[in-house]
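Here the working numbering is used: the first residue of the first sequence is 23, the next is one more, and so on.
Glycine is no exception: its CB is placed at the ideal position from the N, C-alpha and C atoms.
These notes are about the structure you will find just below.
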Amino acid sequence: MEDLFGNPIDDKTSIPIFADVILPVPIPWMFTYMVPREMEPIIGIGFRVIVQFGTRKILTGIVGKIHQKPPKEYDAKPLLELLDNQPMVNPLQIKFWHWIADYYCCHIGEVMNAALPSGMKLNSESRLQLNPTFQDSGSDYPIDEREKIILDHLETEGELTFEACGKILELKSAHHIIKSLVAKEMVLVYEQLKEKFTPKIENRIRLSALFVSDKSALEALFAKLESKPKQEEIILKYLQQVPVYKDEKINHEGLDKKLLTESGISVNSLRTLIKNGIFEEFTKIISRFENLPTNPDTLSLSPVQEEALNQIKEAYKEKQTVLLHGITGSGKTSLYIKLVQEVMDSGSQVLLLLPEIALTTQMVNRLTKVFGNKMGVFHSKYSDNERVEVWQGVIQGRFQFVVGVRSAVFLPFDSLGLIIIDEEHETSYKQHDPAPRYHARDTAIMLAYLHQSKVLLGSATPSFESYYNARQKKYGLVELNLRYGEAQLPHFHMADILADKKKNLLKLDTTRLLREKIQEALNNQEQVLIFQNRRGYAPYINCEDCSWVLECDHCDVSLTYHQFGEEMRCHYCGFKQKVPTSCPACGSNNLVTVGQGTEKIEENLAMLFPEARIARMDLDTTRSKYGYQNLLENFSAGNVDILVGTQMITKGLDFGNVTVVGIVDADRLLYFPDFRSGERAFQQITQVAGRAGRRQKTGNVIIQSRKPDHPIYQSILSGDYRNFYLQEMGERQQFFYPPLVKNIKITSKHKEFKTAETAALHLKNLLQAIPVKKIILGPEKGLIGKIKNQYIFELLIKLDKNGQAPPIFKEHLKLVLEELAAAKAFKSVRFIIDVDPV
DNA sequence: AGCACGCCGACT
DNA sequence: GTCGGCGTGCTC
């Protein structure tokens, strides 16, 4: 081999190097590219690279492996660009990604997609522009009308994206027209890369070096400016803020230009000063996060908390994971803070996971007070730029501690010492769609294992999975059974809806007991929470004459009536339509709303308590970034007497003045066709009840039910979690439910009912042949039989949770799905695998 | 998942 | 004849 000048190249150095790149595509392997010479000294695992994929697409990938084995069956394309000078992802993470892909039966690229903030993935957008070498004079080719339109637009706009072309022509895709234009060489197509992360920049000014190092120069300057008071004032203002005469070095940092311009000085004079070289202007990349001080937590633990802390540490001597079962209000947060501080002092990193809706609340405020800007906050409502900054902050060591939602498990930690998962039982830790369908709790335990770090699971109502593991001695178990301070556990009351109805005491679906307790609270200027886990006004509308129900055109569900906006909405696909005025089936005008959502409850309460100030908190009132926070602040400030809400109000709110919690329809939680409904009901009712009476006053919890004698209510009333667990486990044992077995759910989706069904059936037959002990249920029509015009069938596989059954089964499952994908009849069927569905 | 290529029906 | 539909196969 020879170089450009004909000199022979040393053989050893000319061995080409290849990179296996993880790309964000649902294909279960990496792609091998050639590493250009100049990248060789720098490149390594975890670097971001730009590659061409297929004929047109330009993608960002992550280097997963470097090697020297040239691919046999194809020519490797070269890497186009190296984006970083240090890895953005560490080898431990790559291992972690592979584990997730393996465990949750998805592709590594899908894991990468979930892991990287989108601001770190460069986009390729195909664009076109006029071909500058093309002369539009007596062309050889006829130009079609639509082509002319595009050319005209290009004339004025300069460039267009493919998407824009489609819009202009009102076509789904303008591809063929563009293709024809390209063939005629009238336009050029190119890919433009966009770096999406934009650092926040501040314009700053500082004195020119001359005036700093030489005092006499500054004096001379003042003398010269005597006739220009405006300019003099600016310099004085600057010196006031940046006293360079005390310390010359501080001039280098300068001063935020905004600070000067906003203080009412003349912008023109400042401009003159800069022009004359007295000031110089420069830019600085600044953090989006405020600079906050840290204040070591001074709160002392109660003896009971102290004891729990010691037990946790003791358990860590033998166990990697400890479950902290602490009743609501027992002060788990204080324990967390102590532990986080200790681990940080030892130099390791800490990750605290919170469910999404708990993150904007008091918990973060409290943690911020203690850890200041050493703590990173990773929230899904944060902008992408903010998320990229947290990512970089973790790499740079600026954030030794991160509080975040589910996806924070993907941050580039390199030496975790502790992962805390608060509200461990929360189902929002499981990602449903799209793949990877991972559970943050379970993946975090794996992550901790990779880091040899500890895990603390915290909950007042642990998931059966975790409690089971604790009882099996896989995890340590520490219990905290006393509320912190003087707070007492609330009193529970069952309110019998049917009994009240018989005696004519039910008013607007509200029992007498609930009304009395609310009134009492209002009289004492105390606050009330009303919980109903259903948003909207009413779950459906019904024709009184022929019992017709309005359903979604695209899904198998009834449309929910939303009073706000006077419309019917589908909660599954977002479909909206006007409220019908008459029944389309029989023409009757007797359409009535049935059931009650938060909107209707809000309205009912307004009629029952006209003097009360009522607010509502659900998905519809908290969509905006600060909607949630504003509502909470309002409530916290005492501007609201009664807050009606969905699940959102059950999490982590700590308002001392709430003394009454009402659960409008507890049965709805219980009679859900799922083996976990009991567990869920127990958790939700206990959680929301925990909002009552968190200070001196004892709270009251009113549970409205049609079946107040149901044994589950007895368990909740007595607060005996262990007893409840043992009862429920009997049933789980009998019917082979988790946590005693491992579940895998496979969903088949297709626009034809029959195809979806037969595909699932066919799959079941193939799966039956897999040589492990298992039970396969189904195919059964999905709980919602059709969503977004796709019919849904489900298979449920129960596997022996210990031993080799799960990995063997998953291995075979992969092959079976490949086989099925090759079968013509099921080509267009989508199979969705959900490991450990919740 | 996209995206190119190829085969076939509906229209000028 | 051609436009544009969708099924099929590939991506280093």
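Practice item. Determine the direct distance from the alpha carbon of Leu173 to that of Glu921, and round the result to whole angstroms. Key: This structure leaves residue 921 out entirely; the chain is present only between 23 and 860.
Review point. Between the beta-carbon of Gly558 and the beta-carbon of His584, is there less than 7 Å?
Key: Position 536 of the first sequence, counting from 1, holds the residue named residue 558. Position 562 of the first sequence, counting from 1, holds the residue named residue 584. Yes, the Cβ-Cβ distance between Gly558 and His584 is below 7 Å.
Practice item. Rounded to whole angstroms, what's the CA-CA distance from Ala688 to Tyr747? Just pull it up for me. Key: Position 666 of the first sequence, counted from the start, is the residue given in the question as residue 688. Position 725 of the first sequence, counted from the start, is the residue given in the question as residue 747. Answer to the nearest angstrom: the Cα atoms are 19 Å apart.
Point to revise | 7 Å CB neighbourhood of Leu630 in its chain, flanking five on each side removed | key: Taking the first sequence and counting its residues from 1, the one referred to as residue 630 is at position 608. Hits under 7 Å: Lys529, Leu530, Thr532 and Arg537.
Review point. Could you give the C-beta distance for Glu303 and Asn407, rounded to a whole number, given that I count them as a contact under 8 Å?
Key: Working through the first sequence from its first residue, we reach residue 303 at position 281. Working through the first sequence from its first residue, we reach residue 407 at position 385. With 8 Å as the limit, Glu303 and Asn407 do not qualify as a contact, their Cβ atoms being about 24 Å apart.
Check your understanding: Run through DSSP, which three-state label would Ile639 get?
Key -> As a working mapping, residue 639 is identified with position 617 in the first sequence. Here the sequence assigns Met to residue 639, which means Ile is not the residue at that position. Strand, per DSSP.
Practice item. Assess, as a yes-or-no matter, whether the segment 382 to 399 is touched by the segment 413 to 425 under the definition of 3 or more beta carbon pairs within less than 8 Å. Key: yes
Review point. Alpha helix (DSSP H) containing Ser488: first to last residue?
Key: Here residue 488 refers to the residue found at position 466 of the first sequence. Element bounds for Ser488: Phe486 to Arg493.
**Study point:** Beta-bridge partners of Arg645, as assigned by DSSP
**Key:** Within the first sequence, numbered from 1, the residue matching residue 645 stands at position 623. Partner(s): none; Arg645 has no beta bridge.
Exercise for review: State the start and end residues of the unbroken alpha helix (DSSP H) segment that holds Cys128.
Suggested key: Indexing the first sequence from 1 puts residue 128 at position 106. Note, Cys128: premise wrong, no alpha helix (DSSP H); not H, not E.
Check your understanding: So, helix, strand or coil for Cys187, using DSSP?
Key -> What you label residue 187 is simply residue 165 of the first sequence in a count that begins at 1. Correct three-state label for Cys187: helix.
Review point. Given that a residue counts as buried once 16 or more other Cβ atoms are within 10 Å of its Cβ, and exposed if not, what is Ala791?
Key: Numbered from 1 along the first sequence, position 769 holds the residue referred to as residue 791. Exposed.
Review point. Can you tell me the Cα-Cα spacing of Gly160 and Lys201, whole angstroms?
Key: Counting from one through the first sequence, the residue named residue 160 turns up at place 138. Counting from one through the first sequence, the residue named residue 201 turns up at place 179. Because the pLDDT at Gly160 is just 47, under 50, the model does not fix this residue reliably, and the point stays unresolved.
Exercise for review: Could you give the DSSP three-state label for Pro325: helix, strand or coil?
Suggested key: As a first step, residue 325 is located in the first sequence; it is residue number 303 there, counting from the start. In this structure, Pro325 counts as helix in the three-state DSSP scheme.
Review point. Going by beta carbon distance, what residues of the same chain come within less than 6 Å of Ile725, once the five residues before and after it are set aside?
Key: Your numbering for residue 725 matches position 703 in the first sequence. Once the five neighbours on either side are set aside, the close Cβ partners of Ile725 are Met516, Ile685 and Ala688.
Check your understanding: In chain order, what residues of the same chain lie with their CB nearer than 7 Å to the CB of Val266, ignoring the 5 residues before and after it?
Key -> Locating residue 266 in the first sequence gives position 244, counting from the first residue. Hits under 7 Å: Leu229, Val234, Ile272 and Asn273.
**Study point:** Sequence-distant residues of the same chain with beta carbon closer than 8 Å to Ala278, five excluded per side
**Key:** Residue 278 sits at position 256 when you count from the first residue of the first sequence. Ala is not the amino acid found at residue 278; the sequence shown has Asp there. Correct list, in chain order: Glu224, Asn225 and Arg226.
Point to revise | Element boundaries [alpha helix (DSSP H), containing Thr681] | key: As a working note, residue 681 is residue 659 in the first sequence. Here Thr681 belongs to no alpha helix (DSSP H); instead the beta strand (DSSP E) covers Val680 to Ile685.
Exercise for review: Measure the Cβ-Cβ separation of Thr615 and Ile563 and say whether it is below 7 Å.
Suggested key: Along the first sequence, read from residue 1 onward, the residue named residue 615 stands at position 593. Along the first sequence, read from residue 1 onward, the residue named residue 563 stands at position 541. Yes, these two residues count as a Cβ contact at 7 Å.
Exercise for review: Report the three-state DSSP secondary structure of Thr720 (helix, strand or coil).
Suggested key: Here residue 720 refers to the residue found at position 698 when the first sequence is read from its first residue. Correct three-state label for Thr720: coil.
Review point. Is the Cβ-Cβ distance between Leu150 and Leu182 less than 7 Å?
Key: On the first sequence, residue 150 is found 128 positions in, with the first residue counted as 1. On the first sequence, residue 182 is found 160 positions in, with the first residue counted as 1. Yes, the Cβ-Cβ distance between Leu150 and Leu182 is below 7 Å.
Practice item. Counting only the same chain and skipping the five closest in sequence on each side, list residues whose C-beta sits under 7 Å from that of Lys79. Key: One-based indexing of the first sequence puts residue 79 at position 57. Within the same chain, Lys79 has close Cβ partners Ser146.
Check your understanding: Since Pro829 is in the alpha helix (DSSP H), which residue starts that stretch and which ends it?
Key -> Residue 829 sits at position 807 when you count from the first residue of the first sequence. Residues Ala827 to Ala844.
Check your understanding: Is it buried or exposed for Gln371, if we count other Cβ within 10 angstroms and need 16 for buried?
Key -> Taking the first residue of the first sequence as 1, we reach residue 371 at position 349. Buried, by the Cβ-count rule.
Exercise for review: Taking the CB atoms as reference points, tell me whether Ile798 and Leu805 lie closer together than 7 Å.
Suggested key: Indexing the first sequence from 1 puts residue 798 at position 776. Indexing the first sequence from 1 puts residue 805 at position 783. Their beta carbons are not under 7 Å apart, which means Ile798 does not touch Leu805 by this criterion.
Point to revise | Of the residues Glu275, Phe53, Gln414 and Gln669, the one placed nearest Gly141, counting alpha carbons only | key: Within the first sequence, residue 141 is the residue found at index 119, counting from 1. For Gly141, the nearest C-alpha among the options comes from Gln414.
Review point. In whole angstroms, what is the alpha-carbon distance linking Ala782 and Ile72?
Key: Taking the first sequence and counting its residues from 1, one reaches residue 782 at position 760. Taking the first sequence and counting its residues from 1, one reaches residue 72 at position 50. Straight-line Cα distance between these residues: approximately 39 Å.
Review point. From which residue to which residue does the alpha helix (DSSP H) around Arg534 run?
Key: In the first sequence, residue 534 corresponds to position 512, counting from 1. Unbroken alpha helix (DSSP H) run through Arg534: Arg534 to Asn545.
Exercise for review: Determine the direct distance from the alpha carbon of Glu487 to that of Pro109, and round the result to whole angstroms.
Suggested key: Here residue 109 refers to the residue found at position 87 when the first sequence is read from its first residue. Here residue 487 refers to the residue found at position 465 when the first sequence is read from its first residue. Going by the C-alpha atoms only, they are around 36 Å apart.
Review point. So what's Gly160 in DSSP terms, helix, strand or just coil?
Key: Position 138 of the first sequence, counting from 1, holds the residue named residue 160. Residue confidence is low: Gly160 scores 47 on pLDDT, short of 50, so the model does not pin down where it sits. Its coordinate-derived value is still stated next. Coil at Gly160, not helix or strand.
Point to revise | Closest residue to Tyr358 among Gly369, Glu378, Gln327 and Glu340 (Cα-Cα distance) | key: Reading the first sequence from its first residue, position 336 is the one you call residue 358. For Tyr358, the nearest C-alpha among the options comes from Gln327.
Check your understanding: Around the Cβ of His772, are there at least 16 other Cβ atoms within 10 angstroms (buried) or fewer (exposed)?
Key -> Residue mapping note: residue 772 aligns to position 750 of the first sequence, counting from 1. It counts as buried.
Exercise for review: Over the uninterrupted beta strand (DSSP E) stretch that includes Ser770, give me the two end residues.
Suggested key: By one-based count along the first sequence, residue 770 stands at place 748. Unbroken beta strand (DSSP E) run through Ser770: Val763 to His772.
Exercise for review: Tell me where the beta strand (DSSP E) around Glu147 begins and ends.
Suggested key: Here the question's residue 147 lines up with position 125 in the first sequence. Taken as a continuous stretch (DSSP letters only), the beta strand (DSSP E) holding Glu147 covers Asn145 to Leu152.
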